[in-house]
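Asker: Right, I'll just put the structure down here and ask away after.
Residue numbers (the numbering used here), protein chains in the order written: chain A, 1 to 531; chain B, 532 to 873.
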């Protein structure tokens with residue numbers, strides 16, 4: 001059992017070093033100004049009415065994005081995870097795409113739609129530009145872009161929770177009522193914790209988002225506080241400005257955990273027990289539902305992508321884009337592959353820790369990983385700089401290892417949860433038989449558990465790779481010289497870069513992101529694996 | 532599973548050389564230089580690529596963005612002061628280069644390529660040297676009804692109430708310009724201007740580029756931006772007119788903002804950094820930046836420029852002490868923050 005303790009402890013330590021240490025060091029650093037301990041860096045943080053106004057804007061934005069994402073994501077999750085909707089796998093892939101793209105790319109696409117020279121305005125007439133612009137630039141447009149970007153998270157978590165609902169409960173309901181009533185009174189209450197978790201994550205991701213609000217000119221606390229305090233070139237003040245977001249993250253996740261504890265249901269990580277998940281037949285509603293779902297996907301995902309394609313123009317734009325950023329694309333793919341592999345391994349080990357309920361604190365890594373997933377990327381980025389920017393740590397700070405550490409800290413929750421769900425599918429009897437036969441823990445893990453959960457582990461790696469590929473907030477801050485990724489290159493070229501170049505780069509990023517997404521779809525399309 | 536593990540190990544082996552090669556500091560050796568760049572990447576990258584082609588020295592760069600200037604390369608240089616990763620900083624304006632000198636980050640270097648550059652656009656002790664300049668100009672939406680503005684002070688003219696957009700003065704060249712106004716007009720004069728500006732309903736944007744876009748789209752009528760933001764958009768047909776302000780005799784003069792080269796003290800590749808500095812300060816680079824869409828104004832005499840690029844020789848220029856403006860910029864930050872937040 002020493003091996004088990006060493007391996008699992010190593011995974012926990014990696015998570016702590018990658019994520020918790022930077023946040024803790026940053027919090028500590030904000031308390032030291034000019035070598036003295038105190039709250040000087042916090043003075044004036046919320047002193048002006050403007051700061052409170054911005055905090056109000058942030059909460060309003062996060063609230064509206066959450067409502068919109070839940071309103072879109074829950075029905076989509078139900079349709080894709082439980083019904084016989086035609087083409088649901090392709091639809092799921094299309095709807096999931098915005099989650100795996102930097103939201104700024106979606107914003108660029110919508111800005112292209114509203115531009116006077118854009119294809120939508122050409123189609124609808126010159127007057128449409130002003131109307132579209134007035135909608136897009138400000139709160140409504142920011143809500144639209146972020147809700148589109150985050151609704152897939154709700155969809156996926158609801159679909160995962162649905163697969164964990166015990167079929168016998170729905171079967172019992174069907175004895176006395178029809179599907180709509182069963183869905184409303186049995187299924188939805190059972191997946192309520194999954195919806196609650198998704199809502200909390202969307203709220204926090206919207207709260208910490210720093211790329212879309214400035215692009216669409218909606219002032220929020222996360223952007224303004226970090227930028228205004230950093231204008232002093234004072235790291236203590238800058239880190240202090242980030243701490244309210246860290247505190248809010250902890251508070252929201254704490255409240256979510258308390259609410260979930262009081263609710264009887266599933267977040268998608270529990271075993272559903274015996275039996276296959278039931279499928280809701282749509283009957284005569286099958287075709288209208290398909291038309292509605294595909295139309296919505298076309299409007300929210302297809303339209304911005306089409307605009308990007310049109311704005312990018314011909315081959316010359318792509319040639320220029322590849323000339324300008326081909327190296328960044330290569331680095332993005334390499335880092336995504338390495339990050340995905342690392343996340344798959346560490347996520348799997350931490351999932352095993354929770355699955356085996358090893359030690360007294362088996363549930364802690366999951367909660368910590370979730371917290372780190374919800375902490376704004378820019379906050380984690382500043383924390384990594386504060387922690388690792390030391391001469392003795394150049395082997396980390398001055399190399400791509402700093403990015404891999406950041407990815408591990410930020411995205412372990414994704415791989416942990418996917419691996420954890422797949423572990424429920426490993427036959428307990430098989431593991432027990434191996435144990436009784438004298439097979440040690442390491443060999444059991446390698447030859448019994450991992451093969452049984454391989455699709456979940458592969459899915460964890462691919463989803464992790466996709467998240468690494470899309471990251472901007474942290475990579476922008478900590479990438480070593482010459483190691484910028486494609487999303488970062490798009491951001492830096494956007495300053496006075498031609499719209500066709502930015503659109504072509506965005507299309508290339510979408511294409512690159514489709515690789516893990518399609519593979520993920522293929523892996524998750526198998527019925528026996530959770531979505 | 533075994534294949535998965537092999538793949539993971541393989542990828543790890545692939546990365547290992549990249550990590551260990553620079554185990555102490557990035558780009559160890561003489562064939563590389565690490566540059567932090569605030570000039571827009573779309574304009575600076577071709578210059579650095581030409582340097583790579585002509586010298587064989589690889590440039591590893593970190594670029595700034597429009598929206599994240601807060602956490603941009605300037606903060607990174609200060610954060611890395613005791614553990615420098617960069618060799619050279621290409622600043623897009625000299626005030627922050629001057630701040631780096633004052634904070635002990637800049638290494639003095641008298642480049643031979645700086646011969647012939649005006650003394651007014653460099654640090655007297657060669658901690659930074661200016662080249663290729665931009666002007667701070669007014670842009671108006673076209674067609675404009677009535678008399679066009681002629682001075683930066685016109686931004687506070689009630690004629691433009693609610694129609695003026697200005698980049699956040701806590702960042703970029705707008706900060707430098709406001710600090711220069713404090714030096715030129717005196718504290719009271721500048722404060723009065725800012726108050727009148729606020730009373731005139733000025734709208735703040737995240738960057739000069741965004742300000743120019745808002746004016747081009749007709750969302751605002753007037754703004755104060757950099758000449759490259761204006762010329763770039765005029766060349767692509769946006770509805771903008773550029774006005775060089777304060778050209779009347781005895782007026783303030785136009786605020787000129789050169790790029791600046793700073794060598795980083797303790798940088799890992801000092802020799803390569805000096806070669807890059809020489810390259811950036813050369814007339815050839817100034818010509819390249821004049822012909823690009825940023826349309827920057829050469830400071831070397833006799834460099835040919837496109838017809839829409841203004842010439843400093845024909846302009847009335849605001850005379851400033853860069854050290855004084857840099858000190859003022861740091862001093863007025865709390866005041867500016869309060870102004871932005873009020």
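Yeah, the Cβ is synthetic: ideal placement off N, Cα and C, and Gly gets one too.
Select from the segment 649-670 of chain B all residues with a C-beta closer than 9 angstroms to any C-beta belonging to chain A, and list them in chain order.
Answerer: none
Asker: Could you give the uninterrupted runs of the alpha helix (DSSP H) lying entirely in the segment 325-399 of chain A, keeping only those of 4 residues or more?
Answerer: 364-374, 377-388, 394-397
Asker: Would a C-beta distance cut-off of 9 angstroms place residue 695 of chain B and residue 648 of chain B closer than the cut-off?
Answerer: Residue mapping note: residue 695 of chain B aligns to position 164 of the second chain, counting from 1. Residue mapping note: residue 648 of chain B aligns to position 117 of the second chain, counting from 1. Going by C-beta atoms, residue 695 of chain B is not nearer than 9 angstroms to residue 648 of chain B.
Asker: Could you name the residues of chain A that residue 573 of chain B contacts, counting a contact when the two beta carbons are closer than 9 angstroms?
Answerer: The count along the second chain starts at 1 and reaches residue 573 of chain B at position 42. Those within 9 angstroms of residue 573 of chain B in chain A are 324, 492, 493, 494, 495, 496, 497, 498, 501.
Asker: DSSP three-state label for residue 444 of chain A, please.
Answerer: In the first chain, residue 444 of chain A corresponds to position 444, counting from 1. The answer is helix: DSSP assigns residue 444 of chain A an H, G or I state.
Asker: Under 9 angstroms between C-beta atoms, does residue 50 of chain A make it to chain B?
Answerer: On the first chain, residue 50 of chain A is found 50 positions in, with the first residue counted as 1. True, the Cβ-Cβ gap to chain B drops below 9 angstroms.
Asker: Output, in sequence order along the chain, the residues in the segment 731-752 of chain B whose CB is closer than 9 angstroms to any CB in chain A.
Answerer: So the close ones are 735, 736, 737, 738, 740, 741, 745, 748, 749, 750.
Asker: Give every residue of the same chain whose Cβ lies closer than 8 angstroms to the Cβ of residue 589 of chain B, excluding the five residues on either side of it in the sequence, and list them in chain order.
Answerer: Counting from 1 along the second chain, the entry for residue 589 of chain B is found at position 58. If the five residues before and after residue 589 of chain B are omitted, its C-beta is found closer than 8 angstroms to the C-beta atoms of 558, 562, 563, 564, 583, all from its own chain and listed in chain order.
Asker: Based on the DSSP secondary-structure assignment, which residues constitute the bridge partners of residue 828 of chain B?
Answerer: Position 297 of the second chain holds residue 828 of chain B. Under DSSP, the beta-bridge partners assigned to residue 828 of chain B are B:664.
Asker: Nearest-angstrom Cα distance between residue 671 of chain B and residue 408 of chain A?
Answerer: Taking the first residue of the second chain as position 1, residue 671 of chain B is located at position 140. Taking the first residue of the first chain as position 1, residue 408 of chain A is located at position 408. So the alpha carbons of these two residues sit roughly 49 angstroms apart.
Asker: With DSSP as the reference, label residue 642 of chain B as helix, strand or coil.
Answerer: As a position in the second chain, residue 642 of chain B is number 111, starting the count at 1. The answer is coil: DSSP assigns residue 642 of chain B none of H, G, I, E or B.
Asker: Where does residue 772 of chain B sit, in a helix, a strand or coil, going by DSSP?
Answerer: As a working mapping, residue 772 of chain B is identified with position 241 in the second chain. In this structure, residue 772 of chain B counts as strand in the three-state DSSP scheme.
Asker: Flag residue 18 of chain A as yes if its beta-carbon sits less than 9 angstroms from any beta-carbon of chain B, otherwise no.
Answerer: Looking up residue 18 of chain A in the first chain gives position 18. False, the Cβ-Cβ gap to chain B never drops below 9 angstroms.
Asker: State the CB to CB distance for the pair residue 692 of chain B and residue 731 of chain B, rounded to an integer number of angstroms; the pair is presumed to be in contact (CB under 8 angstroms).
Answerer: Start at 1 with the first residue of the second chain, and residue 692 of chain B comes out as number 161. Start at 1 with the first residue of the second chain, and residue 731 of chain B comes out as number 200. That pair is a contact at about 5 angstroms.
Asker: Should residue 43 of chain A go down as buried or exposed, given a rule of 16 or more other Cβ atoms within 10 Å for buried?
Answerer: On the first chain, position 43 is the one that residue 43 of chain A refers to. With fewer than 16 Cβ atoms within 10 Å of its Cβ, residue 43 of chain A is classed as exposed.
Asker: Only counting the same chain, and skipping five residues up and downstream in sequence, which positions put a Cβ closer than 6 angstroms to that of residue 419 of chain A?
Answerer: Stepping through the first chain from its first residue, residue 419 of chain A is reached at position 419. Counting only Cβ-Cβ distances below 6 angstroms, and skipping sequence neighbours, we find 347, 348, 351, 456, 457, 460.
Asker: Give me, in chain order, the residues of the same chain whose beta-carbon lies closer than 6 angstroms to that of residue 173 of chain A; leave out the 5 immediate sequence neighbours on both sides.
Answerer: Counting from 1 along the first chain, the entry for residue 173 of chain A is found at position 173. Closer than 6 angstroms at the Cβ level, and outside the excluded window around residue 173 of chain A, lie 182, 186.
Asker: Determine whether the beta carbon atoms of residue 502 of chain A and residue 493 of chain A lie at a separation below 9 angstroms.
Answerer: Position 502 of the first chain, counted from the start, is the residue given in the question as residue 502 of chain A. Position 493 of the first chain, counted from the start, is the residue given in the question as residue 493 of chain A. Going by C-beta atoms, residue 502 of chain A is nearer than 9 angstroms to residue 493 of chain A.
Asker: Any beta carbon of chain B sitting closer than 9 angstroms to that of residue 42 of chain A?
Answerer: Counting from 1 along the first chain, the entry for residue 42 of chain A is found at position 42. So, not an interface residue.
Asker: Go through its chain and collect everything with a Cβ distance to residue 202 of chain A's Cβ below 7 angstroms, but skip five positions before and after it.
Answerer: The count along the first chain starts at 1 and reaches residue 202 of chain A at position 202. Closer than 7 angstroms at Cβ, skipping near neighbours: 65, 66, 69, 150, 153, 154.
Asker: Would a check of beta-carbon distances place residue 610 of chain B closer than 9 angstroms to chain A?
Answerer: In the second chain, the residue the question calls residue 610 of chain B occupies position 79. Taking 9 angstroms as the threshold, the shortest C-beta distance from residue 610 of chain B to chain A falls below it.
Asker: Do residue 507 of chain A and residue 308 of chain A have their C-beta atoms closer together than 9 angstroms?
Answerer: Position 507 of the first chain, counted from the first residue, corresponds to residue 507 of chain A. Position 308 of the first chain, counted from the first residue, corresponds to residue 308 of chain A. Between residue 507 of chain A and residue 308 of chain A, the CB-CB gap stays under 9 angstroms.
Asker: Where does residue 741 of chain B land, buried or exposed, given buried means 16+ other C-beta within 10 angstroms?
Answerer: The count along the second chain starts at 1 and reaches residue 741 of chain B at position 210. By the 10 Å Cβ count, residue 741 of chain B comes out buried.
Asker: Under 8 angstroms Cβ-Cβ, which residues of chain B neighbour residue 133 of chain A?
Answerer: In the first chain, counting from the first residue as 1, residue 133 of chain A sits at position 133. Simply 748, 750.
Asker: Along the alpha helix (DSSP H) that carries residue 407 of chain A, what are the first and last residues, could you check?
Answerer: Counted from its first residue, the first chain places residue 407 of chain A at position 407. Start and end: 401-423.
Asker: What residue from B:831, B:743, B:840, B:660 has the CA that sits closest to residue 825 of chain B's CA?
Answerer: Start at 1 with the first residue of the second chain, and residue 825 of chain B comes out as number 294. The shortest C-alpha separation from residue 825 of chain B is found at B:840.
Asker: How many Å lie between residue 661 of chain B and residue 256 of chain A at the Cα?
Answerer: The sequence position of residue 661 of chain B within the second chain is 130, counting from 1. The sequence position of residue 256 of chain A within the first chain is 256, counting from 1. Rounded to the nearest angstrom, the two C-alpha atoms are 55 angstroms apart.
Asker: Examine chain B for any beta-carbon lying closer than 9 angstroms to the beta-carbon of residue 254 of chain A, and answer yes or no.
Answerer: Mapped onto the first chain, residue 254 of chain A falls at position 254. Chain B contact via Cβ: absent.
Asker: Between the segment 412-426 of chain A and the segment 355-369 of chain A, do at least 3 Cβ pairs fall closer than 8 angstroms?
Answerer: Contact holds: three or more Cβ-Cβ distances are below 8 angstroms.
Asker: Quick one: does the C-beta of residue 379 of chain A sit closer than 8 angstroms to a heavy atom of the ligand GTP?
Answerer: Only the bare structure without any ligand can be found here, which leaves the ligand GTP out of the picture.
Asker: Tell me the start and end of each unbroken alpha helix (DSSP H) in the segment 167-206 of chain A that is at least 4 residues and wholly inside, in chain order.
Answerer: 167-176, 179-182
Asker: Please report the residue range of the beta strand (DSSP E) in which residue 293 of chain A lies.
Answerer: Locating residue 293 of chain A in the first chain gives position 293, where the first residue counts as 1. Where residue 293 of chain A is concerned, there is no enclosing beta strand (DSSP E), although the alpha helix (DSSP H) it sits in stretches over 286-297.
Asker: Excluding sequence positions up to five away, which residues of its chain have a Cβ less than 6 angstroms from the Cβ of residue 575 of chain B?
Answerer: Counting from 1 along the second chain, the entry for residue 575 of chain B is found at position 44. Around residue 575 of chain B: 568.
Asker: Which same chain residues end up closer than 7 angstroms to residue 442 of chain A when comparing Cβ atoms and leaving out the 5 residues on each side of it in sequence?
Answerer: Residue numbering aside, residue 442 of chain A sits at position 442 when the first chain is read from its first letter. Only 3 meet the Cβ criterion.
Asker: So the alpha helix (DSSP H) residue 723 of chain B belongs to, where does it begin and stop?
Answerer: If you number the second chain from 1, residue 723 of chain B lands on position 192. Residue 723 of chain B -> alpha helix (DSSP H) spans 703-730.
Asker: Mark residue 319 of chain A as exposed unless 16 or more other C-beta atoms lie within 10 angstroms of its C-beta, in which case mark it buried.
Answerer: Counting from 1 along the first chain, the entry for residue 319 of chain A is found at position 319. The C-beta of residue 319 of chain A has fewer than 16 other C-beta atoms within 10 Å across all chains shown, which makes the residue exposed.
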